[in-house]
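Note sheet for the following structure.
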Amino acid sequence: MHDLKALRDNPAAYDQNWARRGLSSQTSEILTLDEDRRSLQTELQALQMRRNEASKEIGAVKSKGGDAHALMVEVAEIKDNMAVLEEQERVKADELTDLLSRLPNMVADDVPDGPDEDHNVELRRFGTPKIGSNAAKDHVEIGEMLGLMDFETAAKVAGARMTILKGALARLERALGLFMLDVHSSEHGYTEINPPLLVNSDVMYGTTQLPKFHDDQFETTDGRWLIPTAEVVLTNMVREEILEEGAFPIRLCAMTPCFRKEAGSAGKDTRGMIRQHQFYKVEMVSVVKPEDSEAEHQRMTDCAENILKKLELPFRTIVLCAGDMGFASRKTYDIEVWVPSQDKYREISSCSNCGDIQSRRMKTRFKRAGAKDTEFVHTLNGSGVAVGRALVAIMENYYDPADGGIWIPDVLKPYMGGVEKIVKLNT
RNA sequence: GGGCAGGUGGCAGAGUGGUUGAAUGCGCUGCUCUCGAAAAGCAGUAUGGGUGCAAGCCCAUCGAGGGUUCGAAUCCCUCCCUGCCCGCCA
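Listed below in structure tokens is the structure:
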């Protein structure tokens with residue numbers, strides 16, 4: 001949700017900002033609805049005031065045994081008028097809310113302009129990618145040759161965009177998830193959470209999956225939703241709360257399966273486990289005071305990068321341009337890991353500063369020490385990192401063409417029972 | 001799934017139709033007293049919104065949404081949640 005008062009004060013700023021995302025002018029429609037709604041509300045409240053007064057008078061008259069008939073007639077008329085106004089007000093308010101809830105967050109000033117992903121700006125690189133290697137095999141080939149990755153059976157039991165991992169590869173994915181969770185909770189200060197995977201509609205609205213991205217989500221028959229990311233649950237843990245200033249920063253992390261319909265991506269990344277209906281992801285969420293969100297954003301991105309550094313995977317970090325950013329974000333850093341078979345970097349983490357758009361929807365506020373008014377918190381989320389894609393990156397970057405095996409990164413060895421390398425078993 | 005009991009302010013807990021946004025206690029904030037502290041006393045202490053330059057005034061909110069009524073925290077209906085018992089089941 002957006003700050004209507006700020007929008008009233010400076011509509012041009014909003015239109016100019018939304019234009020950076022390629023949107024046409026929105027504010028005149030918003031302001032018209034807003035003015036209509038407010039004048040209806042003012043009118044309605046005047047009637048309510050008179051009704052309340054008259055009702056009290058009726059009570060006073062009756063308690064003295066007097067005749068309150070004239071007053072009762074007056075109230076009856078007021079109620080008729082109120083019903084009409086209430087309905088008009090409700091319609092305007094619904095229209096306004098619906099319009100506002102479908103408009104994306106304001107883009108931060110230092111975000112580069114540009115219509116699409118070709119205008120994102122690279123900030124830094126780590127590691128040395130194996131470029132143009134003839135030996136590069138993709139993770140599907142590697143996994144199937146090892147007999148540890150099975151898309152056919154997955155399709156048989158669950159349909160497209162599903163994966164079955166076996167044996168050491170299943171363990172490797174688990175090892176990756178545990179490793180990431182341990183680093184974030186032990187070294188990065190995030191509290192580990194094991195959350196529900198099924199949430200209600202209010203929660204999905206809070207983090208902006210609803211109403212606009214309804215088609216990307218799996219809905220259950222009883223009106224709940226499978227989470228598309230742990231961000232949804234972690235962020236909403238503070239919904240409808242008024243926090244004390246001392247509560248910050250709140251840092252939470254979780255590893256969960258994520259469920260996505262991938263409605264708009266038919267034909268994209270159809271091979272392998274890059275884009276699945278279900279995948280594991282370790283997610284970080286921070287809730288902070290507004291003045292701290294920018295520093296927290298850098299910090300969170302560092303935490304995600306640190307995972308890849310420890311895994312010794314080559315990556316680069318980019319800042320998304322205005323046209324490529326997600327709906328809720330003011331500013332987003334993507335971390336892209338090197339995928340040898342594709343000879344390019346692919347997204348493995350996305351760290352976003354959502355400003356107050358989610359907190360306004362969730363009604364998450366805080367009060368400064370001694371202050372009377374509440375303010376909205378800032379929320380941030382970042383992958384730390386996508387576990388399935390990390391598995392792909394390990395398989396391809398640590399592939400040994402000599403024997404078709406996969407070396408285990410040093411930091412994962414303790415999680416793999418000391419195994420140094422996954423190799424094909426003699427059958 | 002069946003049955004019972006509940007959901008009131010930061011917390012505890014009154015309130016079963018009429019100045020009740022809500023008693024009382026605790027907590028918290030300020031002041032008085034004190035060398036200081038404690039104790040005690042006094043005052044204050046929800047959120048959202050409308051209107052106004054402002055002081056202020058007004059509207060809404062007692063789990064949520066409807067309904068009855070001149071008037072609802074209080075009565076009726078639906079839903080949600082919590083606790084307990086029975087059944088079933090990872």
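For the first sequence, position 303 (counting from the first letter as 1) is numbered 303 according to this note's numbering, and the numbering increases by one without interruption. From the three backbone atoms N, C-alpha and C, an ideal C-beta is built for every residue, glycine too.
- In the three-state DSSP reduction, Pro-414 falls in the helix class (H, G or I).
- With at least 16 other beta carbons inside 10 angstroms of its own, Ala-393 counts as buried.
- Within the model, the alpha-carbon separation for Gly-167 versus Leu-148 is close to 6 Å.
- In the three-state scheme derived from DSSP, where H, G and I count as helix and E and B as strand, Phe-279 is classed as strand.
- Here the alpha carbon of Ile-242 sits roughly 10 Å from the alpha carbon of Arg-368.
- Runs of alpha helix (DSSP H) with 4 or more residues, each lying fully within the region 48 to 125, are found at 69 to 101, listed in chain order.
- Contact check between the region 285 to 294 and the region 167 to 176: fewer than three CB pairs, one atom from each, fall below 8 Å, which does not count as touching.
- Look at the beta carbons and you see the region 82 to 97 touching the region 32 to 51: at least three pairs across the two are nearer than 8 Å.
- Counting the other Cβ atoms within 10 Å of the Cβ of Glu-336 gives 16 or more, which makes it buried.
- DSSP places Phe-151 inside the alpha helix (DSSP H), whose first and last residues are 151 to 158.
- Contact between the region 103 to 116 and the region 302 to 312 is absent: fewer than 3 CB-CB pairs across the two stretches fall below 8 Å.
- Between Thr-364 and Val-238, the C-beta spacing is below 8 Å.
- Taken in chain order, the region 312 to 338 contains no complete alpha helix (DSSP H) segment of 4 residues or longer.
- Contact between the region 148 to 167 and the region 260 to 279 is present, with at least three C-beta pairs closer than 8 Å.
- In the structure shown, Met-273 falls within a coil segment according to DSSP collapsed to helix, strand and coil.
- Counting C-beta pairs closer than 8 Å gives three or more between the region 319 to 334 and the region 114 to 126, which meets the contact rule.
- The C-alpha of Leu-169 lies about 14 Å from the C-alpha of Leu-178.
- For Glu-231 against Asn-381, the beta-carbon gap comes to about 4 Å, under 8 Å, which counts as contact.
- Looking from the CA of Glu-296, the closest CA among Arg-251, Gly-326, Thr-128 and Glu-57 belongs to Arg-251.
- Judged by beta-carbon spacing, Gly-22 lies beyond the 8 Å limit of Pro-112, meaning their Cβ atoms are not closer than that value.
- Between the C-alpha atoms of Glu-347 and Asp-334 there is a straight-line separation of about 6 Å.
- Ranking Leu-412, Glu-312, Glu-43 and Ala-108 by CA distance to the CA of Met-82 puts Glu-43 first.
- Between Met-72 and the set Gly-65, Glu-57 and Ala-328, the nearest pair of CA atoms involves Glu-57.
- Close CB contacts of Gly-143 within its chain, under the 7 Å cut and outside five residues either way in sequence, are with Met-149, Leu-169 and Met-395 (chain order).
- Annotation: the region 338 to 379 contains the following complete segments of the beta strand (DSSP E) (minimum length 3 residues), in chain order: 344 to 353, 365 to 367 and 374 to 376.
- Taking every protein chain shown into account, the CB of Asn-10 has fewer than 16 other CB atoms within 10 angstroms, so this residue is exposed.
- Per DSSP, the continuous alpha helix (DSSP H) segment holding Glu-173 begins and ends at 167 to 186.
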